[in-house]
């Protein structure tokens with residue numbers, strides 16, 4: 001692992017850092033300060049926002065602020081955000097953002113308001129800023145400016161069918177090689193099931209692929225150059241695409257969380273490498289509750305380096321009322337609300353919530369939840385937030401990673417050719433400053 | 001044919017057979033959509049697909065319970081009726097003038113908006129409507145959708161107006177009628193079915209358009225079609241609900257189509273004759 | 001629409017009356033013209049201005065002149081997008097014209113069209129394209145959908161449909177043709193109904209075969225109608241967006257990355273509004289050029 005990649009990667013420790021300015025102003029804090037105002041929230045319609053917005057009325061009652069919610073599916077939300085921000089419009093006060101994807105780009109464009117000062121001066125006594133995952137906060141800090149506050153922690157994990165594994169005589173996979181061996185055995189013993197499924201859709205690949213790349217010990221950039229043609233990276237490209245080509249469902253190149261969850265939930269896949277956020281969806285209907293086990297993605301030569309990211313809540317730089325907007329952000333990321341969200345299956349970005357008795361009780365209710373939390377603990381402790389290239393044009397870099405993987409799944413290019421083509425395009429992106 | 005070896009009856013039956021074949025191809029996907037929307041959630045993705053199942057309304061009730069489906073539908077109705085109305089208001093006189101003068105550039109100009117990709121308008125319109133404080137208003141949505149309805153109205157009505165014999169107008173002119181009066185009192189009543197077809201098509205195409213509402217509406221004014229995607233987002237993978245939403249959204253245009261099929265077919269084929 | 005031609009108006013009208021008349025006619029078209037100009041002039045000018053700006057990666061905006069257009073020429077993805085756009089266009093148009101003419105002939109020879117038949121044939125293009133996209137997405141899913149089940153039960157190999165780089169364009173063309181062939185058919189049917197019956201009678205007396213009659217007489221007479229249908233479909237097909245946006249978003253790989261989808265993604269997914277504007281204006285020019293060309297052609301085949 002190179003120095004640069006090591007920098008990009010950091011430990012998700014829940015150790016409290018020494019930020020304790022909260023007490024100073026706590027006494028004057030008044031939740032009703034912005035009574036009568038209206039705050040507009042542009043949300044991505046996903047489980048995280050759904051869990052949060054289930055308690056919308058509580059916020060309005062507590063603060064007297066009217067919350068206007070504008071909720072869209074991810075791609076459309078981005079489309080709307082780009083329009084609003086390019087027009088420098090104050091229409092949106094608060095929006096959801098993925099720092100790991102667009103953070104650098106939005107920060108460079110000046111779309112985020114810097115909320116560092118607010119986290120010190122305008123907080124309720126029980127906010128406990130220091131209790132938020134320091135790693136996620138750091139991942140959302142650019143040029144010393146804090147751009148968003150974490151709402152959750154998530155990452156890809158391996159869902160697998162214990163009954164199928166038993167039937168086919170396969171044990172829990174400990175390494176990536178085990179995953180492939182298990183897939184092979186399952187293919188031989190049950191010809192109806194899809195042995196392994198993960199993301200194949202071009203822009204979605206980077207999320208799961210990055211986990212495998214890091215486990216194998218590869219890195220995206222070496223000495224300022226795209227390194228997909230390095231031995232480790234090639235191995236990751238080859239392994240990821242081979243698993244999907246040989247053991248994945250037909251048409252896997254169009255698969256994202258949507259199809260993966262549907263396939264696994266309906267009992268037609270033996271292993272699914274998908275987001276921890278999909279737990280609720282996968283368990284919907286209860287059919288998979290008793291025959292599913294969850295683990296972080298098995299180790300490669302570099303051990304386990306899971307991907308761990310979180311949705312963030314950001315205040316728009318063009319908001320006319322950043323202070324009122326901040327009140328919503330701090331309510332939404334407060335320990336009390338994150339606890340409410342946690343028992344709806346949203347992994348909390350706070351260790352205090354993760355160890356809260358009520359949450360623990362919810363976890364203990366089902367063995368699957370226990371495994372889920374155990375996997376998330378590993379993500380929190382060892383996770384990397386690097387999904388795609390750590391450059392400003394991160395979203396576009398994911399295209400080329402996805403393209404290389406698809407070229408291999410579809411056997412349109414050799415590994416050498418696919419990585420060389422991707423490197424050429426990615427080098428151009430990296431040099432673009 | 002030297003000597004007709006195939007009887008008329010056989011020919012006719014062959015023709016009917018082709019008609020049935022085409023009908024099945026057209027019908028089947030829509031039938032499948034409706035069937036899927038009536039399946040219990042676990043059966044929608046069952047493989048092999050099931051044809052026999054006990055139908056359920058659970059997808060519909062879930063859709064209506066978890067989303068403000070009806071308020072979106074009301075938004076869509078307001079925008080659709082507003083833009084179709086505006087299209088008729090501007091389009092009828094324009095079509096009449098073009099038909100009268102045979103100067104076609106105004107009609108072609110209104111088509112220009114259809115030659116650019118819809119996404120081109122998103123940012124500029126957002127900027128434009130923001131300047132006048134109309135973002136999120138029905139007005140902005142109606143105006144943007146009228147860009148779609150106006151050319152439909154003009155192009156559907158043109159052949160209808162063209163079909164009216166000139167002598168009808170000349171007689172009125174001799175009586176000292178102004179052109180505007182001729183349009184409203186004489187020409188318009190003569191093209192009633194054309195206006196109906198134009199109104200229906202304007203309604204349907206406005207109802208079906210989703211891109212503009214994506215940026216010009218807000219949470220309160222969002223149209224049904226713009227909201228369609230969000231009925232099924234991350235964390236609620238349910239194909240049955242998706243198909244229920246699809247069925248309900250497609251329903252108003254299809255019902256309208258059924259009600260006016262006779263005129264619509266006549267109107268469309270007439271348009272082609274003069275096209 | 002009839003070609004532009006000057007027609008002497010109202011015989012005997014004096015000069016003042018004619019002037020007033022012209023004014024009145026102008027006033028009748030004015031709302032439509034002013035509205036359209038008001039709605040599209042600013043977006044076009046603004047987009048031209050945007051296309052001279054760079055927004056790339058740093059997010060800072062700067063004037064770069066024609067750099068975005070220069071980039072276009074060396075951008076492989078642009079040429080690929082152009083190729084995909086044209087391939088999809090030609091394939092869809094051919095399918096819709098051929099099937100549309102066939103369907104129109106079948107409808108024409110049907111003794112009478114019942115309400116059910118008429119409703120059936122207008123339903124597909126009454127349906128929102130977004131909904132049609134969702135519907136086909138579910139049907140064509142390679143492992144969950146009904147399409148592969150039907151193929152395999154007839155002993156045919158299953159297809160990856162939208163997930164196959166080879167088949168994605170034909171599949172999208174099929175979806176679009178499912179939706180718009182009936183529309184083309186109705187337009188052509190109108191053309192058929194307007195043909196003078198005398199030409200058929202003449203052909204019958206000559207003893208020409210049904211196919212010959214169609215080839216020698218019906219088809220040439222139908223050409224103006226077919227060109228009309230071509231223009232109407234070209235405008236939409238060259239800007240192909242909805243169905244791809246919903247089903248593949250340009251994939252797999254970039255196999256269905258049409259110019260419209262590419263321009264959209266550059267702007268709204270990669271945030272490069274400047275380059276995206278240049279792409280969209282180029283596409284607009286292509287559509288405009290095609291419409292002009294076909295309009296000329298219509299003049300040439302008129303009878």
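Residue numbers (the working numbering), protein chains in the order written: chain P, 1 to 433; chain V, 1 to 275; chain Y, 1 to 303. Even glycine gets a Cβ: it sits at the ideal position worked out from N, Cα and C. Since this is a predicted model, take the numbers as computed values, not measurements.
For residue i, which residues from the same chain have a beta carbon less than 8 angstroms from its beta carbon, with the 5 sequence-adjacent residues on both sides left out?
i                      : result
residue 254 of chain V : none
residue 125 of chain V : 140, 144, 212, 215 and 216
residue 132 of chain P : 149, 150, 333, 349 and 350
Is the distance from the Cβ of residue i to the Cβ of residue j below 8 angstroms?
i                      : j                      : result
residue 298 of chain P : residue 378 of chain P : no
residue 268 of chain V : residue 100 of chain Y : no
residue 346 of chain P : residue 244 of chain P : no
residue 27 of chain Y  : residue 88 of chain Y  : no
residue 256 of chain Y : residue 244 of chain Y : yes
residue 157 of chain P : residue 199 of chain P : no
residue 316 of chain P : residue 95 of chain P  : yes
residue 276 of chain V : residue 122 of chain Y : For residue 276 of chain V there is no data in the structure shown, the boundaries of chain V being 1 and 275.
Alpha carbon to alpha carbon, how far is residue i from residue j?
i                      : j                      : result
residue 1 of chain Y   : residue 99 of chain V  : Confidence is the limiting factor: at residue 1 of chain Y the pLDDT is only 38, short of 50, which leaves the residue's position unreliable, though a coordinate-based value still follows. The alpha-carbon atoms of residue 1 of chain Y and residue 99 of chain V are separated by roughly 9 angstroms.
residue 266 of chain V : residue 294 of chain Y : 25 angstroms
residue 234 of chain V : residue 282 of chain P : A caution first: residue 234 of chain V carries a pLDDT of 48, below 50, which makes its placement in the model unreliable, though a value can still be read off. For residue 234 of chain V and residue 282 of chain P, the distance between alpha carbons rounds to 11 angstroms.
residue 127 of chain P : residue 253 of chain Y : 46 angstroms
residue 25 of chain P  : residue 121 of chain P : Residue placement at residue 25 of chain P cannot be trusted, given a pLDDT of 49 that sits under 50; what the coordinates show is reported in the next sentence. Distance between the alpha carbons of residue 25 of chain P and residue 121 of chain P: 6 angstroms.
residue 62 of chain Y  : residue 106 of chain P : 17 angstroms
residue 22 of chain P  : residue 154 of chain P : Confidence in residue 22 of chain P is poor, its pLDDT being 41 and thus under 50, which makes the residue's placement unreliable; the coordinate value appears in the next sentence. C-alpha separation (whole angstroms): 27 angstroms.
residue 169 of chain P : residue 193 of chain P : 15 angstroms
residue 69 of chain V  : residue 156 of chain V : 32 angstroms
residue 34 of chain P  : residue 63 of chain P  : 7 angstroms
residue 100 of chain P : residue 106 of chain V : 50 angstroms
residue 146 of chain Y : residue 390 of chain P : 42 angstroms
residue 242 of chain V : residue 130 of chain Y : 12 angstroms
residue 384 of chain P : residue 214 of chain P : 9 angstroms
residue 42 of chain P  : residue 72 of chain P  : 8 angstroms
residue 442 of chain P : residue 168 of chain Y : Because residue 442 of chain P is not part of the residues shown, which for chain P are 1 to 433, the question remains open.
residue 270 of chain Y : residue 262 of chain Y : 10 angstroms
residue 85 of chain P  : residue 279 of chain Y : 21 angstroms
residue 293 of chain P : residue 175 of chain P : 16 angstroms
At what residues does the beta strand (DSSP E) containing residue i begin and finish?
i                      : result
residue 39 of chain P  : 38–44
residue 165 of chain V : First-last for residue 165 of chain V: undefined, no H or E at that position.
residue 295 of chain P : 292–296
residue 161 of chain P : 156–161
residue 274 of chain P : 269–275
residue 95 of chain P  : 94–97
In the DSSP assignment, find the unbroken alpha helix (DSSP H) run with residue i in it and report its ends.
i                      : result
residue 108 of chain P : 104–109
residue 393 of chain P : Counting along the chain, residue 393 of chain P falls outside any alpha helix (DSSP H), and DSSP gives it neither H nor E.
residue 69 of chain P  : No alpha helix (DSSP H) holds residue 69 of chain P; the beta strand (DSSP E) holding it covers 66–72.
residue 314 of chain P : From DSSP, residue 314 of chain P is part of no alpha helix (DSSP H) but of the beta strand (DSSP E) over 312–315.
residue 123 of chain P : No alpha helix (DSSP H) contains residue 123 of chain P, which DSSP labels as neither H nor E.
residue 108 of chain Y : 76–109
Cutting at 6 angstroms between CB atoms, please list the residues of its own chain near residue i, excluding the five before and the five after it.
i                      : result
residue 79 of chain Y  : none
residue 31 of chain P  : 62 and 63
residue 356 of chain P : 339
residue 32 of chain Y  : none
residue 279 of chain P : 345 and 372
For residue i, which residues in chain C fall below 8 angstroms Cβ to Cβ?
i                      : result
residue 149 of chain Y : Among the protein chains in the structure shown, which are P, V and Y, there is no chain C.
I'd like the list of long-range same chain contacts for residue i, defined as Cβ closer than 7 angstroms, with 5 residues on each side in sequence excluded.
i                      : result
residue 308 of chain V : Not covered by the structure: residue 308 of chain V. The range shown for chain V is 1 to 275.
### Task
Check whether the stretch 98–110 of chain Y touches the stretch 189–206 of chain V, counting contact only when three or more Cβ pairs, one atom from each stretch, lie closer than 8 angstroms.
no
### Message
Using 8 angstroms as the cut-off, can you tell me whether the stretch 119–137 of chain V makes contact with the stretch 58–66 of chain V, which would need three or more C-beta pairs spanning the two stretches below that distance?
### Response
no
### Query
Does the stretch 156–165 of chain P come close enough to the stretch 267–281 of chain P to have 3 or more Cβ pairs within less than 8 angstroms?
yes
### Query
With a cut-off of 8 angstroms, do at least 3 Cβ pairs link the stretch 220–237 of chain Y to the stretch 173–187 of chain Y?
yes
### Task
Flag this pair as touching only if the stretch 249–259 of chain P and the stretch 147–165 of chain Y have three or more C-beta atom pairs under 8 angstroms; answer yes or no.
yes
### Query
Are three or more beta carbon pairs between the stretch 416–426 of chain P and the stretch 396–408 of chain P nearer than 8 angstroms?
yes
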